[in-house]
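Numbering (this note's numbering), first residue to last: 592 to 761.
Notes to accompany the following structure.
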Amino acid sequence: MPDNHKQWMTVKTAFGYVGVGFSGGKVAKLWLPAGNLKKLESDIRKWVPTGAKTRDAQLAKKLADYFNGKPVTFGNKLIFQKANSFSNAILTSLLKVKWGKTTTYGELAERAGFKGAGRAVGSVMAKNEIPLIIPCHRVIRADGALGGFSGPGGVTLKKRMLELEGHYQK
592 MPDNHKQWMT VKTAFGYVGV GFSGGKVAKL WLPAGNLKKL ESDIRKWVPT GAKTRDAQLA
652 KKLADYFNGK PVTFGNKLIF QKANSFSNAI LTSLLKVKWG KTTTYGELAE RAGFKGAGRA
712 VGSVMAKNEI PLIIPCHRVI RADGALGGFS GPGGVTLKKR MLELEGHYQK
């Protein structure tokens, strides 16, 4: 889709600045909290060199509320990345994991109809372009350990987000 159909915004939160990319009015990309606004805007510009800055006040409030420890529901005005049917099934199932809850890679695979595909779920999580809204931070290992996280700060940010939601096992 041409850049002129893409827009973006930044939101200041208690964890740092969050970036959101929109395509055709739907959320297409989310950058998790970063402390440096200029670096975040530079990263956004790599995704959309000529897109216009915008403001979605409702989404901005939900993002700020989330990082202030308030349970929020983001809705589903989302564009899944160009993904195969397996990835789409996993991401769709993940949308059902609510605030304060976690699931394992294996449970998520089974819930999506792919029993035994827990390792492949990890790959889908690593490629999730809309983290938080598609809550990949809520997917943990079967032994209760956090597993991986590709957001800034890695597993440390994942742990903080789960603690914020009142759920951290190990």
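Ideal placement from N, C-alpha and C gives every residue a C-beta, glycine not left out.
- Residue state for leucine 723 is assigned as coil, using DSSP reduced to three classes.
- Looking at the DSSP output, valine 618 sits in a beta bridge with Phe613 and Leu669.
- Alanine 625 is bridged by DSSP to Tyr608.
- Taking a C-beta distance under 8 Å as the contact criterion, glutamate 698 and lysine 620 do not qualify as a contact pair.
- Short of 6 Å from the beta carbon of phenylalanine 606, and not among the five residues preceding or following it, lie these beta carbons of its own chain, in chain order: Pro624 and Phe658.
- Here alanine 643 carries a strand assignment [DSSP, helix/strand/coil].
- With contacts defined as CB atoms closer than 8 Å, serine 684 and alanine 717 fail to qualify as a contacting pair.
- Comparing alpha carbon positions, the residue from Trp638, Lys617, Tyr696 and Gly626 closest to phenylalanine 665 is Lys617.
- Between the C-alpha atoms of lysine 644 and leucine 723 there is a straight-line separation of about 21 Å.
- Taking C-alpha positions only, leucine 650 is separated from valine 663 by approximately 10 Å.
- Looking at the DSSP output, threonine 695 bridges to Ile731.
- Where glycine 713 is concerned, the enclosing alpha helix (DSSP H) starts and stops at 709-717.
- Going by C-alpha positions, arginine 710 is about 32 Å away from valine 639.
- When Lys629, Tyr608 and Gly615 are compared, the shortest CA-CA separation from tryptophan 622 is found for Tyr608.
- In this structure, glycine 739 lies near valine 746, with their beta-carbon atoms less than 8 Å apart.
- Arginine 729 is positioned such that its CB atom lies no closer than 8 Å to that of lysine 706.
- Exposed is the label assigned to glycine 735, since fewer than 16 other Cβ atoms lie within 10 Å of its Cβ.
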